[in-house]
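A.B. asks: Numbers in our numbering are just positions in the sequence shown, counted from 1, shifted up by 1005. For glycine and all other residues, C-beta sits at the position ideal for the given N, C-alpha and C.
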Amino acid sequence: MSKPEILQMGPYPEWDQLPLDEAYTVHRYFEAADKHALLDAAGACVRAIATRGELGAGAELIAACPKLEIISIYGVGFDAVHLDSCRSRGVQVTNTPDVLTKDVADIAIAMMLAQWRGVNGAERWVRDGSSAAKGLYPLKTRAWGKRAGILGLGRIGFEVARRLTGFDMDIAYSDIEAKPYAKDWTFVADPVALAAGSDVLFVTLAASAATRHIVGPAVLDALGPNGLLINVSRASNIDEAALISALASGKLGAAALDVFESEPNLNPRFLELPNVLLQPHHASGTVETRKAMGQLMRDNLAAHFAGRALPSPVL
Ligand code: 8YV
């Protein structure tokens, strides 16, 4: 029997690539020098798209695959997939929730500690000889006991908040509504009010058209010159131009970012700012979690082609 044809949008580790190549005829979109030629040649036969959270599949790509049945995302975010096209065509969409939640929460905490305690600068201080030549490293900011705001108390926001309880913090959150599972934490409906009452603001919102630039000048001003902004969600949740100017002017104290508007490239102005910690969109990037994500991405494809229920459907 011939293998189903799939379109692969980005690279995967070998432990996913080998089984994918075994089970499917794989067209590697990311390797094609001429993407249009690839779609002209293979689009008509493609029954599945395997993508990644940040790469997705736009309306044009979906339209170029008339026999498309399923899009399997390696990632929890599905903002980069054109869901309306999928709905209207009856294309199924799956993602990889849960398996990455705790890793993303871990790195959010690491970013907070790195910024407040100056971990990266302290390492440079030792390596460049400043420790021996200049003596004590400049004093930094205490983390425990501070006020934390969580913008978006979904799976990842919940795990961030749970970790912060170990730091004796006052925890508040914004979401569409108060969450029954967050009794010990304060619900603040308005993100500006949340920021005004926070020393650190974690952005852990699923991105959508409705949340675009939810962190804009008003939230940044409210967080203020001593505030720290941490984004492990999507760049679109933040008005990046406003963030850069708030960091440059000192209206916002500091930021730590795992995602950028034009990633993997980033606005070069970020590189000039000493008060921002830059990370390469690797919040889910542990061997254990990436293996689990790959397995779930492949399990969804396998279930679809075997006619079984999908393990983690979005649509
Ligand atoms: C990426 C992500 O999928 O979960 C998401 O939505 O963006 C990430 O986990 C990961 O970087 C692999 O590309």
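Return the Cβ separation of serine 1289 and aspartate 1021 in integer angstroms, given the expectation that the two are a contact with Cβ distance under 8 Å.
C.D. replies: Not a contact, Cβ separation roughly 14 Å.
A.B. asks: Quick one, which of Val1319, Leu1276 and Ala1308 has its alpha-carbon nearest proline 1009's?
C.D. replies: The shortest C-alpha separation from proline 1009 is found at Ala1308.
A.B. asks: If you measure from the CB of leucine 1105, is any heavy atom of the ligand 8YV nearer than 7 Å?
C.D. replies: Because some heavy atom of the ligand 8YV lies under 7 Å away, the Cβ of leucine 1105 counts as near it: yes.
A.B. asks: Please state whether the Cβ-Cβ distance between isoleucine 1235 and methionine 1117 is less than 8 Å.
C.D. replies: Taking 8 Å as the Cβ cut-off, isoleucine 1235 and methionine 1117 qualify as a contacting pair.
A.B. asks: Helix, strand or coil for aspartate 1175, going by three-state DSSP, please let me know.
C.D. replies: Three-state DSSP puts aspartate 1175 in a strand.
A.B. asks: Looking at the unbroken alpha helix (DSSP H) that takes in glutamate 1010, where does it start and where does it end?
C.D. replies: Here glutamate 1010 belongs to no alpha helix (DSSP H); instead the beta strand (DSSP E) covers 1010-1013.
A.B. asks: Between aspartate 1111 and threonine 1291, what straight-line distance do the alpha-carbon atoms span, to the nearest angstrom?
C.D. replies: If I take the Cα positions, the gap works out to 11 Å.
A.B. asks: Counting along the chain, where does the beta strand (DSSP E) carrying threonine 988 start and finish?
C.D. replies: There is simply no residue 988 to check, as the chain begins at 1006 and stops at 1320 in what is shown.
A.B. asks: Excluding the 5 residues preceding and the 5 following proline 1318 in the sequence, name in chain order all residues of the same chain whose CB lies nearer than 6 Å to its CB.
C.D. replies: Cβ within range, chain order: Thr1099.
A.B. asks: Tell me where the beta strand (DSSP E) around leucine 1025 begins and ends.
C.D. replies: No beta strand (DSSP E) contains leucine 1025, which is instead part of the alpha helix (DSSP H) from 1019-1028.
A.B. asks: Buried or exposed for histidine 1286, please, with buried defined as at least 16 other CB atoms from any protein chain shown within 10 angstroms of its CB.
C.D. replies: Histidine 1286 is buried by the Cβ-count criterion.
A.B. asks: For tyrosine 1142, which of Trp1149, Tyr1079, Val1131 and Cys1091 has the nearest alpha-carbon?
C.D. replies: Measuring from the Cα of tyrosine 1142, the nearest candidate turns out to be Val1131.
A.B. asks: Kindly indicate the opening and closing residues of the alpha helix (DSSP H) around serine 1090.
C.D. replies: Run containing serine 1090: 1088-1094, per the alpha helix (DSSP H) assignment.
A.B. asks: Who does proline 1318 pair with in a DSSP beta bridge?
C.D. replies: For proline 1318, which the question treats as bridged, DSSP gives the partners Thr1099.
A.B. asks: Nearest CA to the CA of alanine 1261: which residue from Val1124, Leu1315, Gly1082 and Ile1219?
C.D. replies: Looking at the Cα atoms, Val1124 is the closest of the given residues.
A.B. asks: Taking the alpha carbon of alanine 1177 as the point to measure from, which residue in Trp1190, Arg1129, Lys1184 and Leu1257 has its own alpha carbon closest?
C.D. replies: Out of Trp1190, Arg1129, Lys1184 and Leu1257, Trp1190 has the C-alpha closest to the C-alpha of alanine 1177.
A.B. asks: When you compare only the Cα positions, how much space is there between isoleucine 1249 and threonine 1209?
C.D. replies: For isoleucine 1249 and threonine 1209, the distance between alpha carbons rounds to 20 Å.
A.B. asks: What is the C-beta distance between glutamate 1245 and glutamate 1266, in whole angstroms, given that I count them as a contact (C-beta under 8 Å)?
C.D. replies: Sure, about 5 Å apart at Cβ, within 8 Å.
A.B. asks: Anyone know if the C-beta pair for valine 1165 and isoleucine 1155 falls short of 8 Å?
C.D. replies: Yes; because the gap between Cβ atoms is below 8 Å, this pair is in contact.
A.B. asks: Have a look at serine 1299 and glycine 1048 and give me their C-alpha separation to the nearest angstrom.
C.D. replies: Residue identity differs from the one stated: residue 1299 is glycine in this sequence, not serine. Rounded to whole angstroms, glycine 1299 to glycine 1048 spans 23 Å at the Cα level.
A.B. asks: Need the endpoints of the beta strand (DSSP E) that alanine 1261 sits in, please.
C.D. replies: Run containing alanine 1261: 1259-1262, per the beta strand (DSSP E) assignment.
A.B. asks: If you run the structure through DSSP and keep just helix, strand and coil, what is valine 1131?
C.D. replies: In the structure shown, valine 1131 sits in a helix (DSSP, three-state: H, G or I).
A.B. asks: Around the C-beta of methionine 1174, are 16 or more other C-beta atoms found within 10 angstroms, so that it is buried, or is it exposed?
C.D. replies: Flag for methionine 1174 reads buried.
A.B. asks: If you run the structure through DSSP and keep just helix, strand and coil, what is glycine 1239?
C.D. replies: The sequence given here places arginine at residue 1239; glycine does not occur at that position. Reduced to three states, the DSSP call for arginine 1239 is coil.
A.B. asks: Among Leu1276, Leu1257, Gln1120 and Val1096, which residue has its Cα nearest to the Cα of serine 1077?
C.D. replies: When only C-alpha atoms are compared, the closest one is Val1096.
A.B. asks: Would the C-beta of glutamate 1059 count as close to the ligand 8YV, meaning under 7 Å from any of its heavy atoms?
C.D. replies: Yes - the ligand 8YV has a heavy atom lying nearer than 7 Å to the Cβ of glutamate 1059.
A.B. asks: With distance defined between alpha-carbon atoms, name the residue in Arg1313, Ala1223, Gly1082 and Asp1195 nearest to isoleucine 1160.
C.D. replies: The identity of residue 1160 in the sequence shown is arginine, whereas the question assumes isoleucine. Nearest C-alpha to arginine 1160: Gly1082.
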